[in-house]
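Everything below concerns the one structure shown next.
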Amino acid sequence: MTMLRGLWKLTYLETKIFIREPLGLIGAVIAPVVVFVLIGRMAADGAEESETAALFLRVQLPVLAAVLIALNAVLSLITIVAIYREGGILKRLRTTPLRPQTILIAHVLVKLFMTAATLGLMMLAGRRYYPADLDGNLGGLTAALLLTTVTILSMGFVIASMVPTARFAQPIGSLVLYPMLALCGLFLPIEALPTALQPVARVIPLTYAVSLLQGIWLGHPWSAHLTDVGVLLLVFAGFTALSAKLFRWE
Amino acid sequence: MLPVIQVAAIRKTYGRLVAVDEVSFEVREGEIFGLIGPNGAGKTTTMECVEGLRTPDRGRIRVLGLDPARDVYRLQPRIGIQLQEAQLQKRIKVREAVDLWASLYDRPVDGHQLLAQLGLADKRDAWFMTLSGGQKQRLSIALALINDPEVVFLDELTTGLDPQARRAIWDLVRGIRDRGKTVFLTTHLMEEAERLCDRVAIIEHGRVIDVDAPAALVRRHCPDRSVVLATGDPDAERHLRALPRVSGIERDGSRITIRGTGDDLVTSVIQCLSEHRIRVHDFRTELPTLEDVFLTLTGQSIRD
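Chains W and D are the protein sequences, given in the same order. With this note's numbering applied, the first sequence has no gaps in its numbers, which climb one by one up to 269 at the end. With this note's numbering applied, the second sequence has no gaps in its numbers, which climb one by one up to 590 at the end.
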């Protein structure tokens, strides 16, 4: 109990504080939803006759949007941690009976909460304005996305441990995270990538996340994606252990 | 009575830099104890070792009988900490910070009353980023007091504040002591140490040079004092020169500066003036301060 003392209160507070950021809500929630719907409508014209376009609308775009939400959350976390460290906020919180891990778990929870809320809102907006039916497994997608987010967040903590100052947090985070998008199988199947890049794609955690998200959304059972889930859990455990070693509070 | 804080021969190094070396002192219950010295002398490192935020490489620390490195979770509820230049979340409201802190302790004091005492009642709904420097420091004190601690740690509390805000904070700190708490603070402002602290430890290059009440330190290390007076009496200088314990007299027109040692100097000068019916039209004493003590002990001014 003492371990988690203050966790709920801190999570609630950090959520409120995040929403007060001038671009907090717009960047994290509104922009992804709007972009999702707009791109969908732009792609809709070809969807009638083209199989590829239809697949893009029904599977790829929702999964891409979900992945972007997760990456967004991680980038935001890296920045927040860097700012909190630079301002002495992390150190200040550590002088209270809050356990160090509680402080970090609160931020993870805020991000998971925002991620789930954004996905929900996206689907809600999609029902009305999206040009295709969003009839995939939404509950499953949400669960898979939260697993994805928590895994990339663990990588985020390692990145946050290494950025020198808050000013570099956003650029360095983007530089590490976004290139993964190109190789994760979302835009090109891994088999279609240049041979030299295929092994790279296979070690990128995002590849397994995308495979899981697509499969679950399409209605595959979780048992068909045990490898994906296993890899993500392994990556999560590894990076969490690593960041426990590397994390700097000040 | 057991000292509230005992620090015995602690040492802390960062790589090859020796930040704190063989530092020892004790803080007694109910006093304001100051660790004074220039920036980089090792004040904050020492204080953070005592708070349990850092572990010294060597030496022994006891706070309220507990080892802060090992018993940090048993110690935390009984101490209050204000960190040097530590911020809070930019957009956290004053009220929210106080509520959060209060929720972390078993027996918090009334947060709203505390804010009122510290003059922050009308800032309850203000974001942290909109507060002035003095208001931020007062909030910081409020958070350090929320658990009704037995010992309060204040690190460079008034740095960056204007003189008026500084004086207000001094009054607050005296109030904390007067309610029976022990205050351990650091400062590089000698005036602050002199006016606020019951006892101080002078620290430089990671070593404690001396520990005592400010006035006692002045008496011990800077016994010289001077009386400056202005008179038209041509015989004044001769009479004054005959006084015991006068080490020098300078005359500049009608102004005479008498240098000597000991608390009696001023009395004997006054007696001499009245005995010889010397009329003076100006009279003041120049007493050494902690600033001078520091200069004497280290050969350099603390402002450098």
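Think of the CB as a built atom: it goes at the ideal place given N, C-alpha and C, for glycine as much as any other residue.
Going along chain W, which residues have a C-beta under 8 Å from residue i?
| i | result |
| --- | --- |
| D/Trp387 | Thr115 |
| D/Arg382 | According to the sequence displayed, residue 382 of chain D carries Glu and not Arg. Simply Leu32, Lys35. |
| D/Ile378 | Leu32, Ile36 |
I want to verify the contact list: residues of chain D whose CB lies under 8 Å from the CB of residue i, in sequence order.
| i | result |
| --- | --- |
| W/Lys110 | Leu339, Leu369, Ala372 |
| W/Gly25 | Leu386, Ser389, Leu390 |
If you count every other CB in all the chains shown that lies within 10 Å of the CB of residue i, and 16 or more means buried, which is it?
| i | result |
| --- | --- |
| W/Leu42 | exposed |
| D/Trp387 | buried |
| D/Ser426 | buried |
| D/Gly466 | exposed |
| W/Gln233 | buried |
| D/Ser587 | exposed |
| D/His562 | exposed |
| D/Met287 | exposed |
| D/Asp590 | Reliability of the predicted coordinates at D/Asp590 is poor, the pLDDT of 49 falling under 50, and the value obtained from them is presented with this limitation in mind. It counts as exposed. |
| W/Lys264 | exposed |
| W/Asn91 | buried |
| W/Ile45 | exposed |
| D/Glu478 | buried |
| D/Asp441 | buried |
| D/Gly351 | exposed |
| D/His567 | exposed |
| W/Glu269 | exposed |
| W/Thr170 | buried |
| D/Thr472 | buried |
| D/Leu429 | buried |
| D/Leu303 | exposed |
| D/Leu431 | buried |
| W/Ala211 | exposed |
| D/Gln256 | The first residue shown for chain D is 287 and the last is 590, placing residue 256 of chain D beyond what the model contains. |
Just checking my contact of residue i with residue j at CB under 8 Å: how many whole Å lie between their CB atoms?
| i | j | result |
| --- | --- | --- |
| D/Val309 | D/Val290 | Contact doesn't hold; Cβ gap of about 17 Å is too wide. |
| W/Leu96 | W/Gly175 | 5 Å |
| W/Ile88 | W/Ala163 | Between W/Ala163 and W/Ile88 the Cβ distance is about 12 Å, and since that is not below 8 Å, they are no contact. |
| D/Gly405 | D/Arg424 | 6 Å |
| W/Leu117 | D/Leu390 | 6 Å |
| D/Ile542 | D/Thr517 | 7 Å |
| D/Leu339 | D/Lys329 | About 14 Å; that fails the 8 Å criterion. |
| D/Val504 | D/Thr571 | The pair is not a contact, with the Cβ atoms about 13 Å apart (cut-off 8 Å). |
| D/Ile365 | D/Val459 | With a Cβ gap of about 15 Å, D/Ile365 and D/Val459 do not count as contacting. |
| W/Phe55 | W/Gly139 | About 12 Å; that fails the 8 Å criterion. |
| W/Ser193 | W/Leu94 | 6 Å |
| D/Gln368 | D/Leu443 | 6 Å |
| W/Val219 | W/Leu205 | Not quite, the Cβ-Cβ distance comes to about 15 Å (not below 8 Å), so this is no contact. |
| W/Glu105 | D/Arg377 | Wrong, their Cβ atoms sit about 16 Å apart, outside the cutoff. |
Could you pull the DSSP bridge partners for residue i from this structure?
| i | result |
| --- | --- |
| D/Gly366 | D/Val438 |
| D/Tyr300 | D/Leu303 |
| D/Phe569 | D/Leu515 |
| D/Leu471 | D/Gly320, D/Leu440 |
| D/Glu312 | D/Gln292 |
| D/Glu536 | D/Thr543 |
| D/Ile347 | D/Val293 |
| D/Val608 | No information on residue 608 of chain D is available, as it lies outside the stretch 287 to 590 that chain D covers here. |
| W/Leu194 | W/Leu194 is not bridged to any residue. |
| D/Arg494 | First, the amino acid is wrong: residue 494 of chain D is Val here, not Arg. Paired residues: D/Ile489. |
| D/Leu352 | D/Val349 |
| D/Lys379 | D/Trp413 |
| D/Glu510 | It should be noted that the sequence gives Asp, not Glu, for residue 510 of chain D. Note: D/Asp510 sits in a beta bridge opposite D/Thr547. |
By the criterion of Cβ-Cβ separation under 7 Å, what are the contact partners of residue i in chain W?
| i | result |
| --- | --- |
| D/Pro363 | Pro116 |
| D/Gln375 | Ile36, Ile108 |
Which residues in chain D sit within 9 Å of residue i, going by Cβ to Cβ distance?
| i | result |
| --- | --- |
| W/Lys130 | Residues of chain D passing the Cβ test: none, with the nearest at roughly 16 Å. |
Could you work out which residues of chain D lie near residue i, taking near to mean beta carbons separated by less than 7 Å?
| i | result |
| --- | --- |
| W/Lys28 | Leu386, Ser389 |
> What residues in the segment 79 to 112 of chain W bring their beta carbon closer than 7 Å to a beta carbon of chain B?
Replying inline: This model lacks chain B altogether, as its protein chains are W and D.
> What residues from the segment 30 to 42 of chain W come within 8 Å of chain D, judged by C-beta to C-beta, listed N to C?
Replying inline: Listed by position along the chain: Leu32, Glu33, Lys35, Ile36, Arg39, Glu40.
>> For the segment 312 to 333 of chain D, list every residue whose C-beta sits within 8 Å of some C-beta in chain W, in sequence order.
In response: Residues of the segment 312 to 333 of chain D whose Cβ lies closer than 8 Å to any Cβ of chain W: none.
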